[in-house]
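Heads up: the first sequence begins at 395 in the numbering used here, then just goes up one per residue.
Heads up, the beta-carbon is just placed ideally off N, CA and C, and yes, glycines get one too.
Bear in mind that the values here come from a model prediction, so they are computed numbers and not experimental data.
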Amino acid sequence: MFADQRNKNNPTPMYQRIYAIVRQIPAGKVATYGQIARIVPGCDARMVGYAMAALRDTNEDEAVPWQRVINSQGKISLTGEGYALQRQLLEQEGILFSEKGVVDFNEFGWLGMD
DNA sequence: CGGCTGACTCTGG
DNA sequence: TCCAGAGCCAGCC
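Given below as structure tokens:
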């Protein structure tokens, strides 16, 4: 299974593994960096963030719903224009933000954050 | 092969 | 509530 792929013989680039997970997040739901990190063995929250950052240099941004990945506080980690763009994309999917810009995981969390 | 960079999370003061 | 430090790794010069 996946756990074995963390070996040197793993032909799959880690970023691609991360993107694969992100692509599984359905519209209208969000997941945290840490959550995704736990799904991908040998990967941590930072790695996920780095993978997302790397996305902007590729043309995969259309295939990977990067906007559905937010931080553990339920907030968008980007600032400035990036923030506005991500928030807009999420709102278009029906995700609601509190006045402080926080998403309710209980309602929109992908894995059902109970 | 060395150095630099980057969208996190948790803990403690 | 705010801030600093540690943990930790793939890409791209």
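| query | result |
| --- | --- |
| Smallest Cα separation from G495: which of G506, L472 and W504? | L472 |
| By the 10 Å Cβ neighbour count, where 16 or more other Cβ atoms means buried, how is T452 classified, buried or exposed? | exposed |
| Classify A431 as buried or exposed, calling it buried when 16 or more other Cβ atoms lie within 10 Å of its own Cβ. | buried |
| Just verifying my parser: in three-state terms, what is the DSSP assignment at V434? | coil |
| Do you know offhand how far E485's Cα is from G474's? | 17 Å |
| Let's test the definition: count the other Cβ atoms within 10 Å of the Cβ of A445 and tell me whether it reaches 16, buried, or not, exposed. | buried |
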